[in-house]
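Residue numbers (this note's numbering), protein chains in the order written: chain A, 14 to 233; chain B, 1200 to 1496.
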Amino acid sequence: MGSVFDIIGPVMIGPSSSHTAGAVNLGRIARQAFGRVPEKIRIVLYGSFGATYKGHGTDRAIVAGVLGYYPHSPEVKQALEIARELGIVVTIAVEKDNLYHPNTARIELSSGGMSTEIVGVSLGGGAVSIKEVFGFSIDISGKYNTILCSYPEQVGMVARVTQILAAEGINIAFMEVSRSGRKSNALMVVEVDDEIPEDVLNKVSEVSGMLGVRYIRKLS
Amino acid sequence: MALDAIQNFQQLVETALENHCTISEVVLEYEMESTEKSRVELLEQMLGNWRVMKNSVLEGMAKQEATMGGLVKGSASIVEAAIAAKRISEDRLSKTVLRALAVAELNASMGLIVAAPTAGSCGILPAVLVTAQEEKNYPDDKIVMSLFTAAGIGLVLAKNASIAGAEGGCQAECGSAASMAAGALTELAGGTVNQVAEAVALSLKNVLGLTCDPVGGLVEVPCIKRNSFLAVNAIVASDLALAGIRSVIPVDEVIGAMKETGELMPLALKETAQGGLAATPTGKVIGKKLQEETFEK
Ligand code: SF4
Chain A
14 MGSVFDIIGP VMIGPSSSHT AGAVNLGRIA RQAFGRVPEK IRIVLYGSFG ATYKGHGTDR
74 AIVAGVLGYY PHSPEVKQAL EIARELGIVV TIAVEKDNLY HPNTARIELS SGGMSTEIVG
134 VSLGGGAVSI KEVFGFSIDI SGKYNTILCS YPEQVGMVAR VTQILAAEGI NIAFMEVSRS
194 GRKSNALMVV EVDDEIPEDV LNKVSEVSGM LGVRYIRKLS
Chain B
1200 MALDAIQNFQ QLVETALENH CTISEVVLEY EMESTEKSRV ELLEQMLGNW RVMKNSVLEG
1260 MAKQEATMGG LVKGSASIVE AAIAAKRISE DRLSKTVLRA LAVAELNASM GLIVAAPTAG
1320 SCGILPAVLV TAQEEKNYPD DKIVMSLFTA AGIGLVLAKN ASIAGAEGGC QAECGSAASM
1380 AAGALTELAG GTVNQVAEAV ALSLKNVLGL TCDPVGGLVE VPCIKRNSFL AVNAIVASDL
1440 ALAGIRSVIP VDEVIGAMKE TGELMPLALK ETAQGGLAAT PTGKVIGKKL QEETFEK
């Protein structure tokens, strides 16, 4: 059963909780999966997202999220202009067909030689689900603090990461390892209730064999 | 007395009667129990939302530019001017209408609103409550409590019917908002717990079958003006309940009928922009134009 603030709320920039507020959340997750402000943002909008994005400000909303704004930030409306002032190149493409869901976006962030791509859907009421990160198929809700660990496939990684978290008394809510990505890499997704301190994340990054660790804070 | 789940409206009513308290008190206790947050914390959070609501009325009134899809512009100022020129009377009705238009238009222009229960129906509660506060000088903390009543009604509807246009048509969005506002208003005016239930039932009976048929798929036509009509529904329902009129069909049965009606409604009338107003000759021309602007850029 929900909270009263699911009914009287969220406080958000309109016009649509799925096409605007949820889109900001997708942008926020993409930014955290990339780890910094990108130089380029490429967005592909599918299905209903594509058909109605101008009137719903979906493009603005995603860019606002990538810039670190929230669904209630007044800047959402001006996000395209703010990105331009910051010298960030934004491109939008539209696909008529649905992918996963009627409200789906592919968000590609790049800077220098680095790039990250996520595919996420907006479920309504601002809730989202991330379906792909770095080409791995996964499922992240953003309701938990989430650690993404990528590494060349090898035994023992899960144990090493869970040991570090256990030693810090951090309780794991969900965990998933995806191997369907390119090359023979794996992506471990760990969702936890608590906030993870920086030094613990550093310990996880220092695990031998680890390629990259990203931390995605739960959506408020 | 705290409930660990809200099952239906009757349960809210009985719990309030047993404890000699208001429905808002029962809902607040439920929220404290389920979130483990303190009363003060929850009241403050709701006060924050109420402040955003009040501000959305002011901002919506001041707004000049057209909505994102460009379909609606300045409807609140048009009504305001008509009131100033005494072409329509300045009363509770016209002020409520004006405010609902202002907030719903602000939403469609990417302004800051409180979804209540959804963004598309965000104008109804603020319009009704701001007007009530102006008329009766209710202090903010009383209004904040009435928002817990509104939320309780919304929780029952979300559980036993729907609050999503894509699932239940607009009866689920603007209809739910109207019944939430009707209940809140009735409690504010000092109505009994049973009168709150009657207000919800009376309000909902007059939204059953309301379709969701937004032109071009945008939250503009008919959504913005619909907010003003359904804000008035809330006032009528509350007045009738306070006067002592009772709904022949009890509130939980009306909610059951709302669920069934939503299920019977064809998909074309549930937010897909394939039927109703969206599929009229004019609706289609507008929809096509919006599509072209989107795809050729
Ligand atoms: S018509 Fe549909 S989109 Fe518009 S307010 Fe009603 S439910 Fe929401």
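Just so it is clear, CB atoms sit at the ideal spot from N, CA and C, and this is done for glycine as well. All figures in this text were calculated on a predicted structure; none of them were measured in a lab.
- Within the stretch 1297 to 1323 of chain B, the residues whose Cβ lies closer than 8 angstroms to some Cβ of chain A are Leu1305, Asn1306, Ala1307, Ser1308, Met1309, Gly1310, Leu1311, Ile1312, Val1313, Ala1314, Ala1315, Pro1316, Thr1317, Ala1318, Gly1319 and Cys1321, listed in chain order.
- For B/Val1302, the shortest separation between its Cβ and any heavy atom of the ligand SF4 does not lie below 7 angstroms.
- Put simply, the backbone Cα of B/Ala1261 is about 31 angstroms away from that of B/Lys1483.
- Proximity to A/Gly70 across B/Ile1444, B/Lys1424, B/Gly1416 and B/Lys1488 peaks at B/Gly1416, based on C-alpha coordinates.
- The beta carbon of B/Ala1281 sits closer than 7 angstroms to those of Ile1287, all from its chain and outside the five residues before and after it, given in chain order.
- With a cutoff of 7 angstroms, B/Gly1319 counts as near the ligand SF4, since its C-beta is closer than that to a heavy atom of the ligand.
- Burial check for B/Ala1396: the Cβ neighbour count within 10 Å reaches 16 or more, so the residue is buried.
- Rounded to the nearest whole angstrom, the C-alpha separation of B/Leu1407 and B/Gly1374 is 8 angstroms.
- Per DSSP, B/Leu1305 lies in no beta strand (DSSP E); the unbroken alpha helix (DSSP H) holding it starts and ends at Arg1291 to Ala1307.
- Under the 8 angstroms criterion on CB atoms, A/His114 is classed as non-interfacial with respect to chain B.
- Within the stretch 57 to 72 of chain A, those residues whose Cβ lies closer than 8 angstroms to any Cβ of chain B are, in chain order, Ser61, Gly63, Ala64, Thr65, Tyr66, Lys67, Gly68, His69 and Gly70.
- By the Cβ-count criterion, A/Arg97 is exposed, with fewer than 16 other Cβ atoms from all chains shown falling within 10 Å of its own Cβ.
- Boundaries for A/Met223: no alpha helix (DSSP H) harbours it, and the DSSP string shows neither H nor E there.
- DSSP places A/Arg73 inside the alpha helix (DSSP H), whose first and last residues are Thr71 to Val79.
- Minimum Cα-Cα distance from A/Leu136 among the listed residues A/Val17, A/Arg192 and A/Tyr113 corresponds to A/Tyr113.
- Near chain A, meaning a CB-to-CB distance below 9 angstroms, the residues of the stretch 1228 to 1253 of chain B are Tyr1229, Glu1230, Ser1233, Thr1234, Leu1241, Gln1244, Met1245, Gly1247, Asn1248, Trp1249, Val1251 and Met1252.
- Unbroken alpha helix (DSSP H) runs of no fewer than 4 residues, entirely contained in the stretch 1378 to 1445 of chain B, are found at 1392 to 1404 and 1422 to 1442, following chain order.
- With a cut-off of 7 angstroms, the C-beta of A/Pro23 is classified as distant from the ligand SF4, since no heavy atom of the ligand falls inside that distance.
- B/Met1245 sits away from B/Arg1238, with the two beta carbons spaced by 8 angstroms or more.
- Counting only the Cα atoms, B/Gln1263 lies some 13 angstroms from B/Val1302.
- By the neighbour-count definition (other C-beta atoms within 10 Å, threshold 16), B/Ala1284 is an exposed residue.
- Within the stretch 20 to 43 of chain A, the residues whose Cβ lies closer than 8 angstroms to some Cβ of chain B are Ile20, Ile21, Gly22, Pro23, Val24, Met25, Ile26, Gly27, Pro28, Ser29, Ser30, Thr33 and Ala34, listed in chain order.
- Cβ-Cβ separation between A/Lys144 and B/Glu1492: approximately 29 angstroms, too far for a contact (criterion under 8 angstroms).
- Residue state for A/Val107 is assigned as strand, using DSSP reduced to three classes.
- With the criterion set as a beta carbon lying under 8 angstroms from some beta carbon of chain A, the members of the stretch 1406 to 1433 of chain B are Gly1415, Gly1416, Leu1417, Val1418 and Glu1419, in sequence order.
- Scanning its chain for C-beta atoms nearer than 7 angstroms, with the 5 sequence neighbours on each side dropped, one finds around A/Ile131 the residues Ile42, Ala43, Ala46, Ile120, Ile143, Glu145 and Val146, in chain order.
- Distance from the Cα of B/Val1355 is smallest, within the candidate group B/Lys1458, B/Thr1221, B/Gly1247 and B/Glu1235, for B/Lys1458.
- Inter-residue distance for A/Leu178 and A/Lys156 is about 19 angstroms (C-alpha atoms, whole angstroms).
- Of all residues in the stretch 73 to 96 of chain A, only His85, Pro87, Val89 and Lys90 come within less than 7 angstroms of chain B when Cβ atoms are compared, listed by chain position.
- Per the coordinates, the alpha-carbon of A/Glu204 lies some 9 angstroms from the alpha-carbon of A/Lys231.
- Short note on B/Glu1470: C-beta closer than 7 angstroms to some heavy atom of the ligand SF4.
- With respect to B/Glu1470, B/Pro1413 sits close: the two C-beta atoms are nearer than 8 angstroms.
- Taking 8 angstroms as the cut-off, the Cβ atoms of B/Leu1292 and B/Val1431 count as close.
- Against chain B, the beta carbon of A/Phe18 has neighbours under 7 angstroms at Gln1244, listed in chain order.
- When rounded, the separation of the alpha-carbon atoms in B/Gly1382 and A/Ile151 is 43 angstroms.
- Counting only runs of 4 or more residues that sit fully inside the stretch 23 to 52 of chain A, the alpha helix (DSSP H) segments are 35 to 47, in chain order.
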